[in-house]
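Protein sequence lines, in the order shown, are assigned to chains A and B.
For the first sequence, my numbering assigns the number 24 to the initial residue and increments by one for each residue that follows.
For the second sequence, my numbering assigns the number 1345 to the initial residue and increments by one for each residue that follows.
Every residue gets a Cβ at the ideal spot worked out from N, C-alpha and C, and that includes glycine.
Structure first, commentary second.
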Amino acid sequence: DQQVKQNSPSLSVQEGRISILNCDYTNSMFDYFLWYKKYPAEGPTFLISISSIKDKNEDGRFTVFLNKSAKHLSLHIVPSQPGDSAVYFCAAIGGTSYGKLTFGQGTILTVHP
Amino acid sequence: ETGVTQTPRHLVMGMTNKKSLKCEQHLGHNAMYWYKQSAKKPLELMFVYSLEERVENNSVPSRFSPECPNSSHLFLHLHTLQPEDSALYLCASSTRDGPYEQYFGPGTRLTVT
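See the structure below:
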């Protein structure tokens, strides 16, 4: 049973446009959410996070939105750049599950020049 | 060295071999993690160490044996592995009591022949 799902395996976007990556979760105990970016042959790199007490967090070109009622979060990248091409993972943690990040399957983002 | 380092980056081993993966973090963190990433699967948490004590063992077979001699070092000892254990093994670290962001090493690409 997968508690964090990224239903789009891939996304293709033109440079300068917005990239929207989506993530759904089923466990209502999750109260902290993170996005990671991964290049081939490297480990995941932390991008941005959001606590369940917020519905939006912004850091430069990256914004994460959280809709608790829908158990849905999204990552917006504006404007998208070719260097953003990577695999993006969402992750969640909460309750007493200390240290246990639960990851989605990842979405491959390709930004075309 | 900065961040989280892992050695070796690539490892090929036979099913009867014994080998060890090494992880070192230079971030002053006090929690460390082993993850497994298989093709087309989400990252799977294997082990969690907090203050050098194992706090989580996610039903991992005994042919994987972790060791955490201090808060900066983490090992994964491997013996009598199976071909299906071939995967990318990632180490991560974080602070024990939050924030929850985990910082990953580059991984060890393991192939079991």
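message: I'd like to confirm the pairing. Which residues does DSSP put opposite residue 47(A) in its beta bridges?
response: 28(A) and 95(A)
- prompt: Which whole-angstrom value describes the C-beta separation of residue 1382(B) and residue 1431(B), a residue pair presumed to lie in contact below a C-beta threshold of 8 Å?
  reply: 5 Å
query: According to the neighbour-count rule (16 or more other Cβ atoms, all chains shown, within 10 Å of its Cβ), is residue 33(A) buried or exposed?
result: exposed
message: Is the separation between the beta-carbon of residue 1418(B) and that of residue 1405(B) shorter than 8 Å?
response: no
task: Report buried or exposed for residue 79(A), applying the criterion of at least 16 other Cβ atoms within 10 angstroms of its Cβ.
output: exposed
- prompt: For the stretch 57 to 82 of chain A, which residues have a beta carbon sitting closer than 9 Å to at least one beta carbon of chain B?
  reply: 57, 59, 61, 64, 65, 66, 67, 68, 69 and 72
message: Quick check on residue 52(A): buried or exposed, where buried means 16 or more other Cβ atoms within 10 Å of its Cβ?
response: exposed
field: Three-state secondary structure assigned by DSSP to residue 106(A)
entry: helix
query: DSSP three-state call for residue 1413(B): helix, strand or coil?
result: strand
- prompt: Would you call the CB atoms of residue 1447(B) and residue 1348(B) closer than 8 Å?
  reply: yes
task: Pair every Cβ in the stretch 95 to 115 of chain A with every Cβ in the stretch 43 to 59 of chain A, then say whether three or more of these pairs are closer than 8 Å.
output: yes
- request: Check the Cβ-Cβ distances between residue 85(A) and every residue of chain B, and say whether any is below 8 Å.
  value: no
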